[in-house]
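Worksheet: the structure to be examined is printed underneath.
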Amino acid sequence: MKYIQSINEVNGCYFIQDAFVVLYKEVVRCFDLSQNLLWEKLIPGNSTNCIIYREHAYIEFINKESGFEKTITLDVNTGDVVDRDLENYMLRSVSNEGYAIALKYNPDYSTNTFCIQLPFRVKWEKQIEDLPLFIDGEYLVSGVKNRITSIGDNGKIDWKFDTSELGNWSDYDGKEKTTEILRILGVRNEALYSYLNNGKILVLDIKTGKKILVIENDKNTDQGSFSGMFMNAVELDEESGRLIQLFNQRYTEVDLNSVSVSQEFLNEMEEQGLKNMSRFVFNHDHIYFADKNNSKVGALDRVTKKIDWTYELSQDGVTEQSRYARGLKLNSNRLYVLDNKSSLHIFERQDLPLARASRSCQQQ
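Going by this note's numbering, the letters in the sequence shown line up with residues 1 to 364, in that order.
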């Protein structure tokens, strides 16, 4: 990976074809893949999020006057304001077909959930306790505490699953806890994979909500209170049909066809003093991770299990508080790293031609 450049005072980075949108506090800028500025737009508040769908960028910001979240819709080609229909809504996710899940404040400061066909046609409005999100741009699912819920096209509940049915578990301190969902990993072959607070993976039928199985890390048997657990640094690789985990200095993999677990200790990570304790991004040949304690980012070859590349965010000769990555995004042959000082660092693989940017990416 070759270092390209760093951009300071960044709130977030999002991708469109052959370009990327960068959020600053009160400015949105769009760059091509050679970092040339295509357009910029001043917005009336601090930007917090961006959702890109087709030719529109939906920018969420905190309005300076009201203090409420609002949305401004920009043309991704010009940066011009397209319309103001969504100004008082907060977009949370968009389906492949262009249906958006959005929130809107009521006069009593509660919120209603809307399903809106973009650019703007309300399909349904509900008071939903748990905000549903489009998973993989297709399935509308919410996962909060002990509740996993699937929502249908009409806004009605298709099914619910209560994770407390799986029983309680004992934490490292001996305290008994209710089993809850921490994160939805994704959908593969009509199976919904969710990471639980007991370190196990719950697999449900996405159509019915029926439990298919619960996957344990039966190779992680020497970790005391954490034996049998997966850690939060686990992801679903839909293409290869595997769960993959890079945590501390161990690589763990689950073949979802046979549900067999394999795990190996990464000697090279130990030799270099590297650890990964958080989520990562990946493609078919590499895992890109952040070592917060050592202010580094690195790449692990998924075939050889060797460290191909590392980069230290805190540079020698610069006196400052240590930098560490708080967000990674992988897009085509480029890695974008947002650090704790709001600097965006851009890296590029030199063994690949500059490819077209995809619309979606994995992120921390």
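Note that CB positions come from ideal geometry on N, CA and C, so glycine has one too.
Check, Outcome
"Taking Cβ positions, are K366 and E239 nearer each other than 9 Å?", "Residue coverage of the chain in this structure runs from 1 to 364, which leaves residue 366 outside it and unanswerable."
"If contact is defined by three or more beta carbon pairs under 8 Å, each pair taking one atom from either stretch, is the region 87-101 in contact with the region 129-140?", "yes"
"Rounded to the nearest angstrom, what separates R349 and V337 at their Cα positions?", "14 Å"
"Since E253 is in the beta strand (DSSP E), which residue starts that stretch and which ends it?", "R250 to D255"
"Please report the straight-line C-alpha distance between D171 and V141, rounded to a whole angstrom.", "27 Å"
"Determine the direct distance from the alpha carbon of G174 to that of N8, and round the result to whole angstroms.", "44 Å"
"Does DSSP put E238 in a helix, a strand or coil?", "coil"
"Using DSSP with H/G/I as helix, E/B as strand and the rest coil, what is E271?", "helix"
"Could you check the C-alpha separation between Y53 and T73 for me, to the nearest Å?", "11 Å"
"If you follow the beta strand (DSSP E) that Y324 is part of, which residue opens it and which one closes it?", "That residue, Y324, is in no beta strand (DSSP E); it is neither H nor E in DSSP."
"Tell me whether L33 sits in a helix, a strand or coil according to DSSP, three-state version.", "coil"
"Just to confirm my understanding: we take N283, look at its own chain, exclude 5 residues before and 5 after, and list those with CB closer than 8 Å. What are they?", "L330"
"Does the distance from the CB of Q245 to the CB of M269 come in under 9 Å?", "no"
"State the DSSP-derived secondary structure class of Q5, mapped to helix, strand or coil.", "strand"
"What whole-angstrom Cβ distance do Y288 and V234 have, given they're in contact under 8 Å?", "Their Cβ separation, rounded to whole angstroms, is 15 Å, which puts Y288 and V234 out of contact at 8 Å."
"Could you spell out the range, first to last residue, of the beta strand (DSSP E) harbouring I212?", "K211 to I215"
"Measuring alpha carbon to alpha carbon, tell me which of V28, E320, Q321 and D339 ends up nearest G327.", "D339"
"Taking the C-alpha atoms as reference points, what is the distance between C365 and V28?", "Beyond the ends of the chain as shown, which are 1 and 364, falls residue 365; an answer cannot be given."
"State yes or no: is the C-beta of A19 within less than 9 Å of the C-beta of L42?", "no"
"Mind pulling the beta strand (DSSP E) runs of 3 or more residues that sit fully within the region 147-180?", "147-151, 157-162, 168-170 and 176-178"
"Would L213 be called buried (16 or more neighbouring beta carbons within 10 Å of its own) or exposed?", "exposed"
"Buried or exposed: where does F120 fall if 16 or more other Cβ atoms within 10 Å of its Cβ makes it buried?", "exposed"
"So, for K177: in the same chain, excluding its five sequence neighbours on each side, which residues have a beta-carbon less than 8 Å away from its beta-carbon?", "N168, W169, S170, D171, N197 and N198"
"Taking only the alpha-carbon atoms, compute the straight-line gap between N257 and G241 and give it to the nearest angstrom.", "7 Å"
"What do you get for Y84, buried or exposed, if any count of 16 or more other CB atoms within 10 angstroms of its CB means buried?", "A quick correction: the sequence has Arg, not Tyr, at residue 84. It is exposed - the Cβ of R84 has fewer than 16 other Cβ atoms within 10 Å."
"Give every residue of the same chain whose Cβ lies closer than 7 Å to the Cβ of Q363, excluding the five residues on either side of it in the sequence, and list them in chain order.", "At Q363 the pLDDT is 39, less than 50, meaning the model places this residue with poor confidence; the figure from the coordinates comes in the next sentence. Taken in chain order, the residues that qualify are V281, G327, L328 and K329."
"Output the distance between the C-alpha atoms of D75 and I59, rounded to the nearest integer angstrom.", "11 Å"
"For G186, which residues in the same chain have their Cβ closer than 7 Å to its Cβ, ignoring the five residues on either side in sequence?", "I135, D136, Y193, L236 and E238"
"Check for me: the beta strand (DSSP E) holding G143 runs from which residue to which?", "Y139 to V144"
"Could you tell me the distance, in whole angstroms, from the CA atom of I215 to the CA atom of D255?", "11 Å"
"Hey, could you find the ends of the beta strand (DSSP E) H56 is sitting in?", "H56 to N63"
"Using 10 angstroms around the beta-carbon of L344, count the other beta-carbons present and answer buried if the total reaches 16, otherwise exposed.", "buried"
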